[in-house]
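Numbering (the working numbering), first residue to last: 5 to 225.
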């Protein structure tokens, strides 16, 4: 980052790999689902490679090629039902994230989450780990397609009563950087997530940070 940064009063965050490390639970719930349906499980690295485009893509990628559509749909519903029951035991917030978010809120910044995780999962996990910090929580649902489609980000900005030019979108993937550009917001990449920093550079991140506290440099005092 340079010494001079643009200043924003609205910060919208990706979830998995950005504010919470949910990967251990995603791995556990996915393999539990595969076992329930009698399919082989995957290594941690394989499931890691399936993550990032929502629960449906995760399950469909994890199931064997050629699995009937009806079984895929049933497995997805099983996964969604299992996740709230067992999908939080291994999840942790990243270091310095709670205090950084609290400071942003104390400065009067508007905070929200927009994730490719299904909306029910977003609204379940965030209050468990980071309660009372975000004004708006959204995941993939009817009316909000997966990123990098900007529809959900623009809707979230509107619900916050803000504007794209006042907004920074923070995430760990190329898709996060692309949705920021597509919506006319500033793209901030994080280097602690699930994707190589090179992908953030290639997707033209406006800045790449190594600690959540660095977000304060982009916020009004």
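Virtual Cβ for every residue (Gly too), placed ideally from N, Cα, C.
- When secondary structure is reduced to three states using DSSP, residue 8 falls in the coil class, being assigned neither helix nor strand.
- According to the DSSP assignment, residue 41 belongs to no beta strand (DSSP E), since it is labelled neither H nor E.
- Within the DSSP bridge table, the entry for residue 114 names 14 as partners.
- Beta-bridge partners of residue 175 (DSSP): 193.
- Judged by DSSP secondary structure, residue 156 falls within the alpha helix (DSSP H) whose first and last residues are 155-164.
- Our two residues, residue 113 and residue 42, have alpha carbons roughly 48 Å apart in a direct line.
- Contact annotation: residue 45 and residue 62 have beta-carbon atoms that are not nearer than 8 Å.
- Within 10 angstroms of the beta-carbon of residue 200 lie fewer than 16 other beta-carbons, which makes it exposed.
- Excluding five sequence positions before and after residue 106, the CB atoms of its chain that fall closer than 8 Å to its own CB belong to 137, given in chain order.
- If you compare the alpha carbons of 118, 91 and 9 with that of residue 162, the shortest gap goes to 118.
- In the three-state scheme derived from DSSP, where H, G and I count as helix and E and B as strand, residue 122 is classed as strand.
- Within the segment 33-99, complete beta strand (DSSP E) segments of at least 3 residues are not found at all.
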